[in-house]
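Worksheet: the structure to be examined is printed underneath.
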Amino acid sequence: MNAELTTLEQLADLVMTRMTAMRDRSFIDPATRLFNSVRLSDDILRLHERAAHSNVILVDVFGVQYVEDVVKALGYGFFNDMLIETTRSLQEMLPRGTNLYKVSPTRFAVLLEDSSRETCETLSGQLLERLKLPVLCQGIPIQTQAAIGLLPLHPGVADHASWLRLSISAADYALGFSERWAWFKPELERAHQRSFALLGGIASALSADDQFRLEYQPKLSMVDDRCTGVEALLRWEHPELGNVGPAEFIPLAEKTALVHDLTLWVLHEALRQLQEWRSQGLDLVVSINISAGDLETPVFAEQLRENMQRFGVEPAALELEFTESVLISNPRAVREQLLRLRQEGIQVAIDDFGTGYSNWSYLREIPASALKIDKSFVDGLQQHSVNRRLVTTIIELAHELGYRVIAEGVETQQDYDLLSSWGCDEGQGYLIAKPMSPEALVTWLAGRAHQA
């Protein structure tokens, strides 16, 4: 009997040892051999159980797009080696006995117990100074893109479970500062909650009939002062948050598959409105904005064609606007899509020109029909000679490439007259008209016809 008990005790010890080893392995990042986010969460909870205050220093070392480019060019093995070298660089700067954690593919963290704000800020500055030096990996110097978020954690406050999200928010916020570090602020959490609410509300808004709507802003020919077309602009009246501008919710949607659903909604509504205007005798070209995700989707051109056939809209009555940035991520797929659309007679305009890469070498290969000069250039025409030289050069080169040139944000008669004298083809802005409802646009057009 004693022998059996001894055997059972030995087996129990083996099982516990095995379970402990498995648990410990679940705390380890396999690439760097550092403790991971699970272990950091566990350590934070233990500190709170004994009423100890702590601070998390989250070091965001590389941007996601940069990592994707490195992996594509040099392979995943090189990326792992790069993380190991980064780990060594960070550990060299840490006080003795301080753990470094690997909490996400591009982020590290330090947990400091009962440390002052000054101590955290000093250490953050030292880490950032070290990361300004290139990380040498396989003989290749790699420049980091580091930013640091600082998060204070207090016992009794239910923040230990959300420390990663909150500290990432602080690190993202720090990207806008020259010091590249920032403490978490409650307003960052409120902004996150608002963004989450907006993303969650887009799907239901698409199925509702009283939230999304389109307004239309006219464009005038600078040659004969006639209305050449209108741009469809999406508006959202959220049932709880009220009026939400597209500059806030569209960038959020572009990070998800929702942006394609939004584009299809705008396309459907704009073509339906075009059909209604045509029945009233109005001959207009409507421009809609599309995203990189739309142009990289092989089915987009087919969906566009089906909608035009459904509403009996000719291809020449539609213009698609996209920003220069969509040309960078997948230029071949974008070029193929645009070529198909142009071959069918749909007009294509490069929007916000001058704020992105403005690379004429690839622009001449894009089958576009128009180029829109960004408002930021038009705003300074009267004050800045550099803006005047840039705009005249853009107009001249665009015409040589066969583009029609549209100036956005025209708000004064002086700017309108200057742009017209330089040969700009069309203008759009508050001087001409603000975005308006379909009914108001019909009234506006009738008023112009009466004046003429």
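Sequential numbering of the sequence shown, starting at 4, is according to the working numbering. Quick reminder that beta carbons are idealized off the backbone N, C-alpha and C, glycines included. The model shown is predicted, which means the values in this text are computed figures rather than measured ones.
| Query | Result |
| --- | --- |
| What is the rounded straight-line gap between the Cα of G152 and the Cα of F81? | 27 Å |
| Measuring straight from C-alpha to C-alpha, what distance separates M22 and L93? | Because M22 carries a pLDDT of 46, less than 50, the predicted location of this residue cannot be relied on, and the following value inherits that uncertainty. Straight-line Cα distance between these residues: approximately 31 Å. |
| Flag this pair as touching only if the stretch 416-428 and the stretch 383-399 have three or more C-beta atom pairs under 8 Å; answer yes or no. | yes |
| Report buried or exposed for A211, applying the criterion of at least 16 other Cβ atoms within 10 angstroms of its Cβ. | exposed |
| How is K105 classed by DSSP in three states: helix, strand or coil? | strand |
| Spatial neighbours of C140 within its chain, please: CB distance less than 6 Å, with the 5 preceding and 5 following residues excluded, ordered by chain position. | D84, M85, E88 |
| Candidates L342, Q148, D355, L202: which alpha carbon is nearest G179's? | Q148 |
| With DSSP as the reference, identify every bridge partner of M85, one or two as the case may be. | DSSP lists no partner for M85. |
| Between the C-alpha atoms of Q68 and T90, what's the straight-line distance to the nearest angstrom? | 20 Å |
| A410: which of D213, D354, F65 sits nearest, CA to CA? | D354 |
| For a test of the three-state rule: what should DSSP assign to F303, helix, strand or coil? | helix |
| May I ask which residues mark the beginning and end of the beta strand (DSSP E) holding Y219? | 215-224 |
| Tell me whether I291 sits in a helix, a strand or coil according to DSSP, three-state version. | strand |
| Specify the secondary structure class of E322 as computed by DSSP and reduced to three states. | strand |
| Is the CB-CB distance between E1 and V289 below 9 Å? | The shown model of the chain, from 4 to 455, leaves out residue 1, and the question about it has no answer. |
| Residues in its own chain within less than 7 Å of H271 by CB, not counting five upstream and five downstream? | N310 |
| Nearest by alpha-carbon distance to D227: which of I398, E429, D377, A371 is it? | E429 |
| Cβ of Q431 within 9 Å of Cβ of K375? | yes |
| Could you check if M25 is buried or exposed, using at least 16 other CB atoms within 10 Å of its CB as the buried criterion? | With a pLDDT of only 45 at M25, under 50, the local geometry of the prediction cannot be trusted, and the value read off the model is given with reservation. M25 comes out exposed. |
| Count the other CB atoms within 10 Å of the CB of F462; is the residue buried (16 or more) or exposed (fewer)? | Lying before the first or after the last residue shown, residue 462 is absent from the chain, which here runs from 4 to 455. |
| Under three-state DSSP, which class holds L244? | coil |
| Just verifying my parser: in three-state terms, what is the DSSP assignment at V2? | Outside the shown range of the chain, which is 4 to 455, sits residue 2, and nothing can be said about it. |
| Mark Y406 as exposed unless 16 or more other C-beta atoms lie within 10 angstroms of its C-beta, in which case mark it buried. | buried |
| CB-CB under 7 Å to T20, same chain, minus the five flanking residues each way: which ones, in chain order? | Its pLDDT being 48, under 50, T20 is placed unreliably by the model, and nothing is read from it. |
| Mapping DSSP to helix, strand and coil, what is T396? | helix |
| Of the residues H157, I369, P254, A443, which one's Cα is nearest the Cα of F199? | P254 |
| Would you mind reading off the limits of the alpha helix (DSSP H) that contains W280? | 261-282 |
| Looking only at its chain, what residues have a beta carbon closer than 7 Å to the beta carbon of L191, apart from the 5 residues adjacent to it on each side? | S172, A173, Y176 |
| Which residues does DSSP list as the beta-bridge partners of E116? | S57 |
| Between C230, L126, R216, which has its C-alpha nearest A240's C-alpha? | What sits at residue 240 in the sequence shown is Glu, not Ala. Considering only alpha carbons, the answer is R216. |
| Can you tell me the Cα-Cα spacing of A55 and P158, whole angstroms? | 7 Å |
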